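Asker: Residue numbers (full-length UniProt numbering): 1 to 1134. No residue lacks a Cβ here, since even glycine has one placed at the ideal position from N, Cα and C. Just so it is clear, the structure is predicted and the values come from calculations on it, not from any experiment. Below you'll find the structure I mean.
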C-alpha cells in the first residue's frame, strides 16, 4: 500500500494524523513531498519518534502543570517544587518517593536546606560582605542561617542574573551551597527589568533541564520541542526547518551516539590540518593512470579511457566489492601494535584516524553530489516526459531511489565515527558487517540511479528495497544497540543478473523477466523485509575449479572480448546455450551467491535460504549445457564438504529436466545423496541421456546414492509428485539423515510452463519445502533453476519463501492416486534401491515360480526403438535458434491462463496472529501426569513462545467441552495457527470409556456449532488400547475421518458401517523405534491426510479445522515436524 508523503514539519504539528507517514522522513532533511514510497508501519520503523512543536506559552503551561501537580501531592510551595523538579531532572515519582520517606534528607541532599545551621546571634550583626553592622531584623538569610543585608543580596542577585545564572544561585556564605529559592529572590529584587530577565532565564533553565523539552537550535527560532520520550532521534522544526538530534541538539548523527559524535567533531577540528592531505576531487585510474574527476556520489568508478571498474576509496578492482564484507569500509589494525615503539604507535593511530576521516569526508561530499544527481534526474525526467517516453508516474521510482540514496549516504557518513571509537570484538564485527551491507547496497543503488534509462522500476527497485531494509533494519538504529542478530531466512537477489539475456532471440525462455518477476512477487507479498539479504559477489577461479576444468573457465572468460559473430558461433557449439559479454560475470555471481548462502546457513547467521539466481545444474565439468554455465549447486556442495567437513549432504532436484551435471559430479561419492524427479519419457525428453533413467544408481562407494525418478508422460500433478515424496524421497532422506539440504528448485513443472507441460500448482511447492524443512535441523538452501511461465514461476518462488519463513502453507486440492506411469517409476526405483536402503524394503521381492504382477518389473531399461544421446552421436553443432517448446493454440493458452487465475484466487495467504497456542486448565488436573508435562514445557522455556488461549466458561458446558471449544474458537478466529490442549479432561470424571465418550461428544458439538468446519481429520497417536476411543467416535455423525495408530486392531468392528470413517494402523509391539513411526507417518498418515477433502466447499476467506491430533505424550513426539495440511492443528494430550 502506498501513501502520499507529508512534509515533516506538518507531521510535527499534527502528529495524530501524520506521524506515521514516511519511514525515513523522521530522520533526514530531504524534501520528498512529491514522492510515493512504500512505507512500513510505525512499529516497524526503528527511528520513529513522536514529538510536538510548542510555542513559549504552551511550554510555560506544560511546566506549570507539572509544578502544580507536585505541589498538590506533597503540599509544598511552587518555588520549592520548581527547585526540586529542576534538580532531579523532572523525575516526579522519584521526588515523591524520596520526600515521603525522609523529607529533611531530600532537602539537604538537594542543597535547599543545610545540615549545619548558623547559631542565632543577639544584638547588632555585621554583614560579612559589606562589613556594616545592622540590627538582626534588617538582615535576611536562607535556611542555612547566614545573614546579609538587603543591598548586598540585591547586588549579588544582579551580578548572578547578568552572568546568566538563575536556578543555581547560591548563598553568599563562605563554602555554603544552599540554593536561593525563587520567592526569596523576588522579595528582594525590585528592578522590573532584572525581574523580567530572571524570569526568562529561569524559564530557559527549566526547559534545558527538562529531559523531554529542548529549544530549537535554529537561528532566531523560539519554539520548543516536546518529545514523548527523551531519545537521540531526529527532530525537524516546523518554523525554521532546522534538523538536529533531540538529545544533544547538534546535527542528527545516527547510529553514532551523542558523546561519541562530540568527541569525533572535536578531534576533526584539532586534526583538520593533518587531514588536508586528502585529495578532494581527483585520483588516477589504477590501471591506465589517467586523471579522473569524481562528478557523482557513487564510489563505483569506471575509467572513460580503459573502462576499468574500480573503487574510488581504495582504488581496488570493483569486482572484489561484491563479497559479504565490503572490505574497504573496514580498517585492518596491526595485531602487534602494542609491542611497537611509541613513535610507531602514534603513526598507526594517525593512520587509523585518517582512514575513518577519509570515508567520513567522502560520504559528506558524496551527499552534496547526490543533490546534483537529484537535479539531473528531475531534468532527465522532464525531458523524457516531454519526448513522450513515459509519464511522471512511470519515472517516479527514480525520484524515490534518489531520495533514499541521500538518506542512506547520510547514515553511512555517521557510521564511521561510531566504528572509529568501537572496541575490537564481536560487536564491532557485527557493526562492520551491517555497515558493509548498507555500503554495498548504496553503491549499487547509486550506480543504477545514475544510469537508469528505462521506464519500469527494474533492478533499481530491487536495490532500493534492500538498501531500505538495511537502513531500517540495522544501521539507522541508534548505536546499533537493537540490531536483530537472531537467525533468519537468507535471501539472494542482485539486479546485475538481469543483464543475462539472448541477444538474437528476444523470445528465448531464459530471460531477465524470470528473475525480475520472482522478485516483484516476493516484494508484493512483503517478504523481502522479513529476510536477511545476502550480498552477491563473483566466485573466484579457485572456487569454480572445484567442479570445472581450467579450459572451461578460461573459455567463458574470453566471451568478454568476443564480437557478436564470435559469440553466436560459439553458442552453436553447445546445446541450448547463448553467450554474451556479461555471461562470465553473471555465472560467477550466481555461484558466489549460492556459496555465500551456504556459508550463512552453516555459520548460523541464518537458518534457511532462498536465492533468485540463474540456473546451473546442467553444466558439466567441461561443457556448457541447458542455459547453464557453472554448476552452482555442485560447486556449493564441494565447498560445504571441504570447508565444514560435512559427511552427508542431500541434493534434491525437482526441476523438470534432469540435472545431469550434478549427477556426474557426485556419481561415486557416498557423502552426497542426489535425488532427481524429472521428465524423461523413456529418453525422448531433453537432455536425452540414458544416465537419466532409474537404473543409474551410482557406482563404487556411491552406489545407491544417486536416485533418478523418471516421469514418462506429461501432465503429472500434485498427487504424482507427493506420491514420490512420501514413498521414495522422504524415507530415503530420513534414513540418510543429511547435515545440509540443497535444492535445485526448478519451477518448470508448475502449471502453465511450456517447457515442462506438467500441472503442479504453485502452492504445492510450498508443501515440498515444508516437508524438507524437518531435515538437517532446518538447514536448507533453495537455488532457483528452471521455470518459464513467469506468472507461476513467481508465485511458486514466493510461496516457497513463505514456507521457509514459517508461514502456513496454502491449501491444495485433495490428492488422488498417482497415475500408472508414476507408480511404475516409483516401484522401479524401489526395485533398484531396496537392497541398499532398508527404508524402502517394504515390498516383497519376486519369488521364483510366483506370478508376476507387472511385466515391467522383470526387466531393465532401455526402451526399444528410442535413441538416447551419447558422446558418440552428440551433434557437433546446434541451431542458433533452438525451439524450447511446442507452440500451443490461443484457445489452449487461454484455458491455461484461466486455470492459473483460478489457482491464484483460491490461494489463501493468511497468517495467524500467533503460530502456536497453549491451553491448560489446572482445575481439571488431578492425577499429576499432565502437571509434569506443564512443568517440563516450562523448564524448556517452550510456553513463553506460545500464546496462552483462555478457557471460555459457560454453565451449559462441562469442563471438557469448554476446553475443546475454546481451542477451536482460537483457531477459527485466526488467533493461533495450532493449539496444544492439556488436559482435555480428568480421569476422575469416570472410566476411560466415559472420558472418550465425553471427548467425542464435546468435539462433535463444537464442530456442529462452527459452520466453517467442513471436514475434520482426527489422528490418534496414543499408545495403548484404543477400542474405547474408537468406539466413541464410531457413533459420531459429523464429517470426520478418524485415523488411529494403536497396538491392536479392533477387528470385530472392521465391517460395521458406523466404522467406515475409522482407519486403523495396528502396531504389533510397543517397542517402536523412530524409524517405525517415521515410516507410518510418511507412507500412511501423510498420504491419507492429504487425500482427505479438508477444504470441501471452502470459499475465499473461509477457515477450516483440518486436523485434530489426539496425542499420547510418549508417542506424539515421534511424528514431530509432520503436518498434513497448512491449516491449523489442534493437539490434545490425553
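Out of 975, 974, 967, which one is the CA nearest neighbour of residue 1002?
Answerer: For the residues 975, 974, 967, the minimum Cα distance to residue 1002 belongs to 967.
Asker: The alpha helix (DSSP H) that contains residue 710, what's its start and end?
Answerer: Residue 710 -> not in any alpha helix (DSSP H); beta strand (DSSP E) instead, spanning 706-711.
Asker: Do residue 830 and residue 718 come within 8 Å of each other at the CB atom, strictly closer than that value?
Answerer: No; because the gap between Cβ atoms is not below 8 Å, this pair is not in contact.
Asker: Residue 919 to residue 1008, Cα distance in whole Å?
Answerer: Taking the straight line from one Cα to the other gives about 22 Å.
Asker: Under a Cβ-count criterion, where at least 16 other Cβ atoms within 10 Å of its own Cβ denotes burial, should residue 306 be classed as buried or exposed?
Answerer: Result: exposed.
Asker: Assuming residue 257 and residue 232 are in contact, meaning their beta carbons sit under 8 Å apart, how far apart are those beta carbons, in whole angstroms?
Answerer: That belief holds up - the Cβ atoms of residue 257 and residue 232 are roughly 6 Å apart, short of 8 Å.
Asker: If you measure between the beta carbons of residue 752 and residue 716, is that distance less than 8 Å?
Answerer: No, these two residues do not count as a Cβ contact at 8 Å.
Asker: How would you label residue 710, buried or exposed, when you count the other beta carbons within 10 angstroms and need 16 or more for buried?
Answerer: Buried is the call here.
Asker: What is the DSSP secondary structure of residue 581, reduced to helix, strand or coil?
Answerer: Note: residue 581 maps to coil in three-state DSSP.
Asker: Out of 862, 723, 732, 839, state which residue places its alpha-carbon closest to the alpha-carbon of residue 817.
Answerer: Answer by Cα proximity: 723.
Asker: If you run the structure through DSSP and keep just helix, strand and coil, what is residue 557?
Answerer: DSSP places residue 557 in helix when its eight states are reduced to three.
Asker: Is it buried or exposed for residue 387, if we count other Cβ within 10 angstroms and need 16 for buried?
Answerer: Exposed, by the Cβ-count rule.
Asker: Along the chain, where does the alpha helix (DSSP H) containing residue 825 start, and where does it finish?
Answerer: 820-833 is the span of the alpha helix (DSSP H), which, as asked, contains residue 825.
Asker: Does the pairing of the segment 489-501 with the segment 586-600 give three or more beta-carbon distances under 8 Å?
Answerer: Cβ pair count under 8 Å is three or more, so yes.
Asker: Enumerate in chain order the residues of its own chain whose CB-to-CB distance from residue 574 is below 8 Å, with the five nearest sequence positions on each side excluded.
Answerer: Counting only Cβ-Cβ distances below 8 Å, and skipping sequence neighbours, we find 623, 624, 625, 878.
Asker: Give the secondary structure of residue 570 by DSSP, where H, G and I count as helix, E and B as strand, and everything else as coil.
Answerer: Residue state, collapsed to three classes: helix.
Asker: Based on Cα-Cα distance, which residue from 757, 778, 949, 579 lies nearest to residue 896?
Answerer: The shortest Cα separation from residue 896 among 757, 778, 949, 579 belongs to 757.
Asker: Can you round the beta-carbon distance between residue 171 and residue 144 to whole angstroms, since I take them to be within the 8 Å contact cut?
Answerer: Indeed they touch by this definition, with Cβ atoms about 6 Å apart.
Asker: Compare the Cα-Cα distances from residue 786 to each of 317, 406, 617 and report the closest residue.
Answerer: Closest option to residue 786, Cα to Cα, is 617.
Asker: Which two residues bound the contiguous alpha helix (DSSP H) that contains residue 800?
Answerer: 790-804 is the extent of the alpha helix (DSSP H) around residue 800.
Asker: Tell me the rounded alpha-carbon separation between residue 819 and residue 764.
Answerer: Those two C-alpha atoms are separated by around 17 Å.
Asker: Please state whether the Cβ-Cβ distance between residue 237 and residue 223 is less than 8 Å.
Answerer: Yes, the pair counts as a contact, with Cβ atoms nearer than the cut-off.
Asker: Would you please state the rounded distance, in angstroms, between the beta carbons of residue 82 and residue 182? I believe it to be under 8 Å.
Answerer: Their Cβ separation, rounded to whole angstroms, is 6 Å, which keeps residue 82 and residue 182 in contact under 8 Å.
Asker: Taking 8 Å as the cut-off, decide whether the C-beta atoms of residue 744 and residue 669 are in contact.
Answerer: No, the pair does not count as a contact, with Cβ atoms beyond the cut-off.
Asker: Give me whichever residues DSSP pairs with residue 302 in a beta bridge.
Answerer: According to DSSP, which records beta bridges pairwise, residue 302 is partnered with 309.
Asker: Please report the distance separating the alpha-carbon of residue 123 from that of residue 61.
Answerer: Going by the C-alpha atoms only, they are around 47 Å apart.
Asker: Can you round the beta-carbon distance between residue 656 and residue 679 to whole angstroms, since I take them to be within the 8 Å contact cut?
Answerer: Correct: roughly 5 Å between the Cβ atoms.
Asker: Quick check on the burial criterion: 16 or more other C-beta atoms within 10 angstroms. Buried or exposed for residue 948?
Answerer: Exposed.
Asker: Over the uninterrupted beta strand (DSSP E) stretch that includes residue 409, give me the two end residues.
Answerer: Careful: residue 409 lies outside any beta strand (DSSP E), inside the alpha helix (DSSP H) at 396-421.
Asker: Tell me whether residue 674, by its Cβ, gets closer than 7 Å to a heavy atom of the ligand GTP.
Answerer: The ligand GTP is not among the ligands present in this structure, which contains no ligands whatsoever.
Asker: Considering residue 490, what are the terminal residues of the alpha helix (DSSP H) in which it resides?
Answerer: No alpha helix (DSSP H) contains residue 490, which is instead part of the beta strand (DSSP E) from 488-492.
Asker: List the residues that DSSP assigns as beta-bridge partners of residue 598.
Answerer: Note: residue 598 sits in no beta bridge, so no partner.
Asker: Under 8 Å between the Cβ atoms of residue 721 and residue 793?
Answerer: For residue 721 and residue 793, no; Cβs fall outside 8 Å.
Asker: How should residue 52 be labelled, buried or exposed, when 16 other C-beta atoms within 10 angstroms of its C-beta is the threshold for buried?
Answerer: That one is buried.
Asker: Express the C-alpha separation of residue 266 and residue 63 in angstroms, rounding to a whole number.
Answerer: Computed Cα separation, rounded: 34 Å.
Asker: Go through its chain and collect everything with a Cβ distance to residue 649's Cβ below 8 Å, but skip five positions before and after it.
Answerer: Hits under 8 Å: 637, 640, 641, 671, 672, 673, 738, 739, 740, 741, 742.
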